[in-house]
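Taken in order, the sequence shown gives residues 1 to 109; the numbers are from the UniProt record's numbering. Below is one structure; the comments refer to it alone.
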Amino acid sequence: MDERASGFPQSVSGNVLEKNMKCMLHIEIPNFGNTVLGCLNEQRLLGLYCDVSIVVKGQAFKAHRAVLAASSLYFRDLFSGNSKNAFELPGTVKKKKSKLFHYGWDLYS
Numbered sequence: 001m002d003e004r005a006s007g008f009p010q011s012v013s014g015n016v017l018e019k020n021m022k023c024m025l026h027i028e029i030p031n032f033g034n035t036v037l038g039c040l041n042e043q044r045l046l047g048l049y050c051d052v053s054i055v056v057k058g059q060a061f062k063a064h065r066a067v068l069a070a071s072s073l074y075f076r077d078l079f080s081g082n083s084k085n086a087f088e089l090p091g092t093v094k095k096k097k098s099k100l101f102h103y104g105w106d107l108y109s
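See the structure below:
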């Protein structure tokens, strides 16, 4: 296998690397992260696969626990070891921060 076929310089590619390359498929998808987050947001808006509700000043917002936890240490800690499916945020959340839950969420896009 030459450098053009493997993507690695000849000096780097050895038997082990070549064997691993035969078992590995590498596909580049432009904007993959944004595409996935956009699809998750569409699913959330349709109420699909939502597994948690976040309550802000009495209003509940459905969401995907994994996306929130991956996007925020606050949510990661909140969800850690807790299987509840609804969480009420403190009443001290400012209106500006509650926009986060409107899912104009910059977290999903």
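Beta carbons are placed, not taken as given, at the ideal position from N, Cα and C, and that holds for glycine.
Where the alpha helix (DSSP H) through residue i begins and ends
i     : result
Ser71 : 65–71
Alpha-carbon spacing of residue i relative to residue j, whole angstroms
i     : j     : result
Ser6  : Gly33 : Annotation note: pLDDT 48 at Ser6 (below 50); position unreliable, coordinate value reported separately. Whole-angstrom Cα-Cα distance: 26 Å.
Phe61 : Asn31 : 27 Å
Val55 : Leu89 : 6 Å
Ala86 : Leu40 : 19 Å
Phe75 : Ile29 : 29 Å
Val73 : Val36 : Strictly speaking, residue 73 in this sequence is Leu, with Val absent from that position. Going from the Cα of Leu73 to the Cα of Val36 covers about 21 Å.
Leu78 : Leu46 : 25 Å
His26 : Lys57 : 46 Å
Per-residue DSSP class, three states only, for residue i
i     : result
Lys62 : strand
Gly47 : coil
Gly38 : helix
Gly81 : coil
The ligand MG heavy atom lying under 7 Å from the CB of residue i
i     : result
Phe61 : This structure simply doesn't include the ligand MG, nor any ligand for that matter.
Endpoints, beta strand (DSSP E) assigned at residue i
i     : result
Glu88 : 86–88
Sheet register partners of residue i (DSSP bridge)
i     : result
Ser53 : Lys62, Ala86
Whole-number beta carbon distance between residue j and residue i, since they are thought to touch under 8 Å
i     : j     : result
Arg44 : Val52 : Arg44 to Val52, Cβ: 10 Å. No contact.
Phe63 : Cys50 : The sequence shown places Ala at residue 63, rather than the Phe named in the question. Contact flag correct, Cβ pair sits at about 6 Å.
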